[in-house]
Every structure is written in C-alpha cells, then in structure tokens.
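Visitor: For reference, the structure I am asking about is given below.
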Amino acid sequence: MNNTQNDQSNSTNKRIPDSIKWGSIAAAIIILLVCGILLTRTDESSVAFLGRWKNALESGDIQKYDVLWGKNARNKSNAGYQDTAQLFKENSRIDVKIANAENRTRKDPQNPHYLRIEDIPLLIQTPGEPLQQLRTLTIAKTGIIQQRWKLIRDEVTSEEIATDITSFEPEESVVERKSSSDSPVVPFVLKWKNALETKDVKKYTSLWDKKARKAKNDNYQLAVVQISQDLTVDLSQAIYTSIAFSKTRYLVDNISVTIHSNGNFIETHSRTLTIDKRGFLFRNWKLINDEVGGDFISDIPLTQEDPITVDPLPVEHDSDIFNGTAPLDTKLKVSQILAKWQQAWEDKDLDTYMSIYAEKALITRVTVRGGRETSTYLNKSQLKQKMKKLNLMYSEIQVKISNLVINGDRAVADVTFLQKFKGTPASGSRPAYSDIGTKKLDLIVDPTDGYWKIHSETWSRYEDVPEFPKN
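According to this note's numbering, the sequence shown is numbered sequentially starting from 1290.
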C-alpha cells in the first residue's frame, strides 16, 4: 500500500508544468516557420548572379568583385582574377553588356555541376585606346539553406581595340517597363510623395533601408534639406521599371518635383527612386536610393527667335583678364583649366568636364528672385546626371565668361566670373533657354596627381534682371 502511494507521489512530482509544454510547442512552431520561410525562398538564378557581376565591375569596387568568388577559387593561376584586379588598380572604367547572355549559358563539359556563360562583351576605357573584351564565366552553386552562385573562373577569351562603342548604350533588354497600375511599388511611391509634400522628415526617413541610407547618405541628406521647402510631386509621367536580374528591385524615374518658396516658383527637377524588398521574416518595400536629378526647367522660357535679354559685355583688355591677387603662375594655370572646362561644356564632352571636379566636390545652385535666395545642392554624381540630361536636351550649348577674378596662392584658387548660358533645344518644338548669373569656383591642387580640381562650385542665377540705361 505504501509503495503504491509513493509511486503516485513520484509521478506527480515529475509532471511537466503546462507553461513549459506550451512554451516548447511555441518554440517548435517558430523554428518550423523560420525554416519554412528560408527553404521556400528561391535560390539565386544565374541571371541574378550575372547582374551582380556586372554591377561589381561597373562600380570599380574590388571588394564587391571579391565577394563573388568561391572559396580559394580566385587564387588559382587560371582563374583570371588578376586580369580584372589590375583594371580596378588602374581605375579603368568598365561597361558590361549582358543582354541575351542567358542564351549563351550552358553546362561546363568538364564539370556538370558548373555553368559557363560565354562571350560576354566588355568595353574598357583605359588611359590609352579603349579596349573591347569577350569574357566567359564559370560559376558554381554554394550554400545549404539558400544557394548562391560563385565565380570559379573569369576568363578573357578575346581582346582588341574598340572601334564601335555604340553597342554599349544602356540595355533595354535587361529591364521590364510597367505602367503605374501594374507595378507593385505604386502604394510605396505614394507614401514617398506624401512624405515630401507634407514635409514629414520622420516618415520619409522610415521609408529608407537603414544600410542603404548610410551608403547613400549624400542623397538622403540632400532630400531632407529639400523637404523643408514647399514641394509638389508629379507622378503622371513616372516610369516604373522592373530590374530583370532582381525579382524584387524596381526603378521609378521621370518623377517631376517642383519647389516653391512663398508661392513663387523656384525650380523643377527630376527624381529617380530605387526600391527593393528588405527584411528577414517580414520583407517590406524600402528605399535603396533617392537621386535628385537637378535638371532645371525654366518657368519663362525664351522663344528661339528672342534675343538674349542681357547686353553683350565689353571685351576685356589683356590687363583685365588676370584680375585678382593670385600669383601670375596660378592665374595662367587656372585660366587653362577654366578654358578646358568651358570648352568641354560647349562640346558636350562629359568625361573631360567631370574630370575637372574632385570626387567630393559640392555644387550649390542658388536662385535669386526678388532679392531672395533659395539654394539646392548636388554632389559630383548628381552633377554628372544633370549634365548628361542637359547634353541630350540641347543640340548646341554656348557658355560665355567675363569679369574673371582669380585670387589665391600656388595651391588654392578662388575664382569668380559672370556666366551667360544659352541652350538651343534638340527638338524644334521647344523654345531656347538662356540665363545669366555669377559663378564661384574653389580650386585646389590635388596632391595625388598634381592637377587643379574644382572642390566647390556655387552658381547664382538671377531672374528678371531689368536692363537699365548705361548713362
């Protein structure tokens, strides 16, 4: 009898509490849920890998290229890694054309677990002649839960001097354009529009992916500065583009944003959004980039028949050309750089024009209306995009410089002058555009190569300047 009672007592003492039971069940469900999400995520396609490889080469960032390689694969003598590493070291510009590459993808005859992507064209801008290469990639899948492709070999199969670079224009085949009604990112873009128009910086910041915001901090800060102004966002002409090598990434461009101040028009510029899904368990749309195009649209354009409303400035005498306190040697050198800058602008030679700017150059645009100043800001990348669009917009560009003053010493120069711009539209249906204003350039000798570079530029554009009699 006593033994039976003891057995029942021991059984009661060993009973597992209900809280532990339910906790264990909940933990098991969570583990199964996480594993299910990970296992149902699609493996990376070879086309997606090809897009990452293209982006790494065109970025000039060797670290992005390094992570594409399989473990120890790049150290092998026949891997081809050193050929590309040398191009990065020489700061060569690389353009990659991956259209229809999936049609040249097949299993490696030596290893059925490998894939070969053959005859990928590259254009390489070197200090000498431009080169055209054909590459063949050998890739293999790695990973357990989510497999990703890795490089085994990156071979240069042919190389010659490039004679035709027109084939390296932006590829329409790598993207799919959709109307706004078909794109899944439309609700997200409307949230972005609302944040701008309501001046809600907190809401705008929440739309960004945190890592992307750090990587694109210049663009983020510029957008935040503009949110403090009165903005109107026009999405009627927006183009929604699905990036083919990524199943969740979208580009939304041709967005028009107009800035007003106290009811007065200041400027209209374009915006380009890059949107992707981010998150681990719950993936939401996030901003990866928000690029301010900066291209100016005049509210009172001139007709092609109208003359420029500012009287031509008198031609300076030789003694007037070198006004300022800088040493004569500095004045001569800076004048050479300025002439090169002016000629490149008029010739629409974008590479030469941008080479005169330092990598961290800050460009300020000031609109002066009724004596009141309103400023916007660009970095070098945004300036390049703006100039590229202006070059397409105008068939002919004229830039006149006068009242030149050069102050400074043998390593730093402060340059100011009066600038007149006139652009003849490429389309005959649009009126000509002209403006006048003052430009200030701060130039510094770059210690890495000894060349003068523009580190900051301030352009002040004056509207509605009346013509008063000279006497």
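For each residue, glycine too, the CB sits at the ideal point set by N, CA and C. Since the model is a prediction, treat every value here as computed from it, not as a measurement.
Is the number of C-beta pairs between the region 1477-1490 and the region 1398-1406 that are closer than 8 Å three or more?
Guide: no
Visitor: Using a Cβ-Cβ cutoff of less than 6 Å, which residues in the same chain neighbour S1472 once the five nearest sequence positions on both sides are dropped?
Guide: Y1529
Visitor: With 16 as the cutoff for other CB atoms within 10 Å, does I1652 come out buried or exposed?
Guide: Sixteen is the threshold: when 16 or more other Cβ atoms of the shown chains lie within 10 Å of the Cβ of I1652, as they do, the residue is buried.
Visitor: Which partner residues of Y1666 appear in the DSSP bridge assignment?
Guide: T1653
Visitor: Determine, using beta carbons only, whether A1615 and D1698 come nearer to each other than 8 Å.
Guide: yes
Visitor: Is it true that the CB of P1410 sits closer than 8 Å to the CB of L1426?
Guide: no
Visitor: Measuring CB atoms only, is the region 1437-1450 touching the region 1366-1385, in the sense that at least three cross pairs come out at less than 8 Å?
Guide: yes
Visitor: Do L1667 and V1704 have their CB atoms nearer than 8 Å?
Guide: Between L1667 and V1704, the C-beta gap is not smaller than 8 Å, which leaves the two residues out of contact.
Visitor: Would E1556 be called buried (16 or more neighbouring beta carbons within 10 Å of its own) or exposed?
Guide: buried
Visitor: Can you tell which of I1383, H1558, V1522 has its C-alpha closest to the C-alpha of K1488?
Guide: V1522
Visitor: Report the residue from I1725, P1401, N1543 whose alpha carbon sits nearest the alpha carbon of V1655.
Guide: I1725
Visitor: Classify I1743 as buried or exposed, calling it buried when 16 or more other Cβ atoms lie within 10 Å of its own Cβ.
Guide: buried
Visitor: Measuring CB atoms only, is the region 1496-1506 touching the region 1559-1575, in the sense that at least three cross pairs come out at less than 8 Å?
Guide: yes
Visitor: Take L1511 as the anchor and find which of V1490, W1741, T1452, R1572 has the nearest alpha-carbon.
Guide: Among V1490, W1741, T1452, R1572, the Cα nearest to that of L1511 belongs to V1490.
Visitor: With distance defined between alpha-carbon atoms, name the residue in D1542, K1536, T1537 nearest to S1527.
Guide: Per the sequence shown, residue 1527 should be read as Ala rather than Ser. If we check each option's Cα against that of A1527, D1542 comes out closest.
Visitor: To the nearest angstrom, how far is it from the Cα of W1748 to the Cα of S1559?
Guide: 19 Å
Visitor: If I follow the unbroken beta strand (DSSP E) through D1384, where does it start and stop?
Guide: 1382-1385
Visitor: Using 8 Å as the threshold, is the region 1633-1644 in touch with the region 1678-1691, meaning 3 or more CB pairs across them?
Guide: yes
Visitor: State the Cα-Cα distance for the pair L1762 and K1536, rounded to the nearest angstrom.
Guide: The chain is shown from 1290 up to 1760; residue 1762 falls before or after that span and cannot be answered.
Visitor: So Q1518 and V1581 are in contact, right, with Cβ under 8 Å, and what is the actual spacing, rounded?
Guide: About 12 Å; that fails the 8 Å criterion.
Visitor: Residues bridged to F1706 by DSSP?
Guide: Within the DSSP secondary-structure output, F1706 pairs in a beta bridge with K1728.
Visitor: With 16 as the cutoff for other CB atoms within 10 Å, does Q1399 come out buried or exposed?
Guide: exposed
Visitor: Report yes if the C-beta distance between N1578 and K1675 is below 8 Å; otherwise report no.
Guide: Going by C-beta atoms, N1578 is not nearer than 8 Å to K1675.
Visitor: Let me check understanding here. Comparing Cα to Cα, which of E1662, I1318, K1430, S1545 lies closest to D1397?
Guide: K1430
Visitor: Give the DSSP bridge partners of T1747, in chain order.
Guide: In the DSSP assignment, the residues bridged to T1747 are T1653, K1729.
Visitor: Under 8 Å between the Cβ atoms of L1420 and W1358?
Guide: no
Visitor: When you compare the CB positions of T1641 and K1629, do they come within less than 8 Å of one another, or not?
Guide: yes
Visitor: Since F1706 and N1696 are thought to touch, with beta carbons under 8 Å apart, how far apart are those beta carbons, to the nearest angstrom?
Guide: Between N1696 and F1706 the Cβ distance is about 12 Å, and since that is not below 8 Å, they are no contact.
Visitor: For L1681, does the count of other Cβ atoms within 10 angstroms reach 16, so buried, or fall short, so exposed?
Guide: exposed
Visitor: Once you ignore the five residues that flank R1661 on each side, which residues in its own chain have a CB closer than 6 Å to its CB?
Guide: none
Visitor: With 16 as the cutoff for other CB atoms within 10 Å, does A1317 come out buried or exposed?
Guide: exposed
Visitor: Judging by CA-CA distance, which residue of W1438, A1388, V1356, W1497 is the nearest neighbour of S1334?
Guide: With distances taken between Cα atoms, S1334 lies closest to W1438.
Visitor: Sort out for me which residues DSSP pairs K1439 with in a bridge.
Guide: DSSP output for K1439 lists A1429 as bridge partner(s).
Visitor: What are the boundary residues of the alpha helix (DSSP H) that includes S1531?
Guide: It is not in any alpha helix (DSSP H) - S1531 instead sits in the beta strand (DSSP E) that spans 1528-1532.
Visitor: Give a yes or no on whether the C-beta atoms belonging to L1412 and D1384 are separated by under 8 Å.
Guide: yes
Visitor: Among the candidates I1626, K1649, K1673, L1639, whose CA atom is the shortest distance from the CA of Y1740?
Guide: I1626
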